[in-house]
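Going by my numbering, the first sequence wraps up at 184, each residue one higher than the last. All C-beta atoms in this analysis are idealised placements derived from N, C-alpha and C, irrespective of residue type, glycine included. Source: prediction; values computed, not measured. Reviewing the structure listed below.
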Amino acid sequence: MSLGIGEKLKRLRLANNLTQEELANRTGLTKGYISQLERDLTSPSLATLKDILDVFGESLADFFQEQTREPVVYRRSDRIQTSDSREDLRVELLVQASQRRDMEPVLLTLQPGAETWEDRPHQGQEFGFVLKGAATIQVGSRAYRVSRGDCFYFTADRRHKLRNTSDRETQILWVVTPPTF
DNA sequence: TTACTGTGCTGCTGGAATCG
DNA sequence: CGATTCCAGCAGCACAGTAA
Numbered sequence: 004m005s006l007g008i009g010e011k012l013k014r015l016r017l018a019n020n021l022t023q024e025e026l027a028n029r030t031g032l033t034k035g036y037i038s039q040l041e042r043d044l045t046s047p048s049l050a051t052l053k054d055i056l057d058v059f060g061e062s063l064a065d066f067f068q069e070q071t072r073e074p075v076v077y078r079r080s081d082r083i084q085t086s087d088s089r090e091d092l093r094v095e096l097l098v099q100a101s102q103r104r105d106m107e108p109v110l111l112t113l114q115p116g117a118e119t120w121e122d123r124p125h126q127g128q129e130f131g132f133v134l135k136g137a138a139t140i141q142v143g144s145r146a147y148r149v150s151r152g153d154c155f156y157f158t159a160d161r162r163h164k165l166r167n168t169s170d171r172e173t174q175i176l177w178v179v180t181p182p183t184f
């Protein structure tokens, strides 16, 4: 969630212990106009915005970079279930889509006997950590059994898939790079 | 193509009203 | 009573329409 220009300007002003009137005096604007800006009832020209930011010692670049900075924390409620999900297999994106991502962390929840789709060879690597349960991961012609606390890491240049071979629900934190979801 | 005119939009002002 | 909001209005600019 990014703040609007008005809210951001208000925070800057309050952080600098200025009233709207004081800021107006320093920028050569009027206090009424400052009020409108802070409530997003109007938007400043580039020159005016620069004048205001000069008072706070902040550049236009810093101001807008802050506006578009991506979140650091992703909550449980932010998770998105992908269309790959089925009744016996849940695939949840832990981090919302972004153009700048280099990896894709996913939470896989497999019911007993459930199997993922078979992934074709592709560039990049895959990493998984078994949070609970146990499973068999097949990479190329070989199969490896992993259980809670184990992890796996392989180059994705061979066909690979995962199957819950235990009689309990199995949950795996899976990180794919580059993102494919 | 150029010049003129009307219109609408936007950034901003200034002072009165309201709020806490 | 200081801080903030409201609001009518002004200036400048872009743009479309029209006449020459």
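For residue i, which residues does DSSP report across the bridge?
i: A27; result: DSSP output for A27 lists no bridge partner at all.
i: G131; result: F155 and W177
i: K164; result: Q141
i: S150; result: A137
i: R93; result: T112
i: E107; result: V179
i: D122; result: H163
Between the Cα of residue i and the Cα atoms of the options, which residue gives the shortest distance?
i: L110; options: G136, C154, L17 and V94; result: V94
i: S186; options: Q141, K135 and H163; result: Outside the displayed range of the chain (4 to 184) lies residue 186, so it cannot be described from this structure.
i: L113; options: V178, T85 and N167; result: N167
i: G131; options: T30, A64 and L165; result: L165
i: P108; options: Q128, A27 and L176; result: L176
i: G116; options: R89, Q128 and R123; result: R89
i: D123; options: E24, L56 and R161; result: Here residue 123 turns out to be Arg, not Asp, going by the sequence shown. Measuring from the Cα of R123, the nearest candidate turns out to be R161.
i: K13; options: G31, T33, T30 and I37; result: I37
i: G9; options: R29, T33, T45 and L49; result: T45
i: Y156; options: Q174, L21 and Q128; result: Q128
i: D170; options: Q126, T139 and H163; result: T139
i: N19; options: F59, L49 and D65; result: F59
So, at 8 angstroms on beta carbons, what are the nonlocal neighbours of residue i in its own chain, with the 5 sequence-adjacent residues on each side left out?
i: M4; result: Only weak support exists for where M4 lies, its pLDDT of 45 falling under 50; the value from the coordinates is given anyway. Answer for M4: P74, listed in chain order.
i: Y77; result: L97, V98 and Q99
i: V178; result: M106, E107, P108, V109, E129, F130 and G131
i: H163; result: E121, D122, E129, I140, Q141, V142, G143 and F157
Can you find the residues in the same chain that come closer than 6 angstroms, C-beta to C-beta, to residue i, ignoring five residues on each side of it along the sequence?
i: I83; result: L96
i: P181; result: G127
Please list, in chain order, all residues of the same chain as residue i whose beta carbon is under 7 angstroms from its beta carbon, the five residues on each side excluded.
i: D81; result: Q99
- Query: Taking the runs of the alpha helix (DSSP H) that are 4 residues or longer, which of them lie wholly in the region 30-87?
  - Reply: 34-41, 49-59 and 63-71
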